[in-house]
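One structure below.
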Amino acid sequence: MFPLRDVNPTAITPYVTLIVILACALVFFFVQNQPTQGEAEEFLFRRAVISCEVTTGAPLTADEILTEVCSSEPGVPVFPEKNPWLATLTSMFLHGGLAHLAFNMWFLWIFGNNVEEAYGHLGFLVMYLVGGVAATLVFVFVNPNSTVPLVGASGAIAAILGAYAILFPGHRVLTLVGWFPLALPAALFLGIWFILQFGLGGSNVAWEAHTGGFAFGAVLTLLVRRRLLSRIPALSY
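Take the sequence shown: its letter number 131 is residue 150 in our numbering, and every next letter is one higher.
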């Protein structure tokens with residue numbers, strides 16, 4: 020099940036959505052891209068959010084990295100200059116591969132513009148960033164001792180999906196189901212997407228961040244839905 024486009028035109032240019040997509044692409048190709056596998060792994064441990072670091076409030080030690088065991092005992096961090104909380108933001112602009120980047124940015128492009136129109140440019144940016152942090156904290160809560168770097172904009176984008184589901188449940192999403200394109204209501208498409216995340220346990224996909232971000236975006240938007248829709252009168256039904 021893959022979304023091709025939504026049937027939900029906007030009257031604005033989604034500047035923030037475009038800037039986020041451009042920023043993620045630039046970071047992936049010109050900042051995150053490292054010449055060797057070892058340097059790529061070092062970059063992630065230096066820049067990406069890691070649950071254990073958030074839990075303990077300190078960057079990982081060499082022993083924690085090598086054993087993959089989170090310790091509450093004090094030690095000498097490998098990257099002492101790293102701020103574990105700042106990493107919750109920088110991780111949103113890092114990705115695990117080209118497919119990961121492309122998939123995330125496609126979802127953001129399809130669903131982000133309408134949510135940006137409803138929230139306004141600044142409100143959308145704040146919601147995107149806070150939603151990403153909230154998604155990360157849900158992952159940390161469920162996996163407090165993980166020593167694996169967590170990367171990707173998926174949690175923040177999941178918050179956008181949750182907001183879209185509340186704002187535009189009846190709008191159609193042209194979806195490729197197998198080889199057949201079907202126009203599904205957004206509530207159905209996003210509801211199925213949400214449920215499918217729970218089947219990703221045991222994989223290297225941070226499903227906890229996906230579901231946490233989605234729930235955050237949905238709940239927040241539900242609280243202010245009437246006000247948001249009043250900003251786009253043609254869609255206020």
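We put the beta carbon where it would ideally sit given N, CA and C, even for glycine.
Opposite residue i in the DSSP bridges: which residues?
{"i": "residue 22", "result": "194"}
{"i": "residue 199", "result": "196"}
{"i": "residue 204", "result": "191"}
{"i": "residue 68", "result": "169"}
{"i": "residue 96", "result": "80"}
Take residue i and list the residues in its own chain whose beta-carbon comes closer than 6 Å to its own, dropping the five residues that flank it on each side.
{"i": "residue 254", "result": "With a pLDDT of 45 at residue 254, under the threshold of 50, the modelled position of this residue cannot be trusted, and the question is left open."}
{"i": "residue 256", "result": "Residue placement at residue 256 is flagged as unreliable, the pLDDT there being 37, under the threshold of 50; a coordinate-derived value is accordingly withheld."}
{"i": "residue 63", "result": "168"}
{"i": "residue 152", "result": "107"}
{"i": "residue 58", "result": "none"}
{"i": "residue 202", "result": "191 and 193"}
{"i": "residue 31", "result": "136"}
{"i": "residue 242", "result": "none"}
{"i": "residue 109", "result": "66"}
{"i": "residue 120", "result": "47 and 114"}
{"i": "residue 211", "result": "none"}
Less than 7 Å between C-beta atoms, sequence neighbours within five positions excluded: which residues of the same chain meet that for residue i?
{"i": "residue 160", "result": "none"}
{"i": "residue 163", "result": "70 and 74"}
{"i": "residue 251", "result": "136 and 137"}
{"i": "residue 170", "result": "63, 67, 110, 113, 114 and 115"}
{"i": "residue 219", "result": "226"}
Is the beta carbon of residue j closer than 9 Å to that of residue i?
{"i": "residue 238", "j": "residue 143", "result": "no"}
{"i": "residue 184", "j": "residue 156", "result": "no"}
{"i": "residue 193", "j": "residue 26", "result": "yes"}
{"i": "residue 166", "j": "residue 89", "result": "yes"}
{"i": "residue 200", "j": "residue 190", "result": "no"}
{"i": "residue 22", "j": "residue 158", "result": "no"}
{"i": "residue 180", "j": "residue 236", "result": "yes"}
{"i": "residue 133", "j": "residue 213", "result": "no"}
{"i": "residue 47", "j": "residue 117", "result": "yes"}
{"i": "residue 33", "j": "residue 150", "result": "no"}
{"i": "residue 51", "j": "residue 61", "result": "no"}
{"i": "residue 244", "j": "residue 129", "result": "no"}
{"i": "residue 178", "j": "residue 233", "result": "yes"}
For residue i, collect the residues of the same chain with a Cβ closer than 8 Å to its Cβ; drop the 5 residues on either side in sequence, then sort them by chain order.
{"i": "residue 105", "result": "none"}
{"i": "residue 206", "result": "184, 188 and 189"}
{"i": "residue 97", "result": "64, 78, 79, 80, 81 and 84"}
Could you tell me how far apart the beta carbons of residue i and residue j are, in whole angstroms, since I believe they sit closer than 8 Å?
{"i": "residue 196", "j": "residue 20", "result": "5 Å"}
{"i": "residue 124", "j": "residue 40", "result": "5 Å"}
{"i": "residue 182", "j": "residue 240", "result": "4 Å"}
{"i": "residue 29", "j": "residue 136", "result": "5 Å"}
{"i": "residue 76", "j": "residue 93", "result": "About 11 Å separates the two Cβ atoms, so there is no contact after all."}
The segment 50-68 / the segment 105-113 touching (three or more Cβ pairs under 8 Å): yes
Validate contact between the segment 133-140 and the segment 68-88 using beta carbons, cut 8 Å, 3 pairs: Not touching, per the Cβ criterion.
Three CB pairs or more closer than 8 Å across the segment 225-234 and the segment 169-179: Flag = yes, the segment 225-234 and the segment 169-179 touch.
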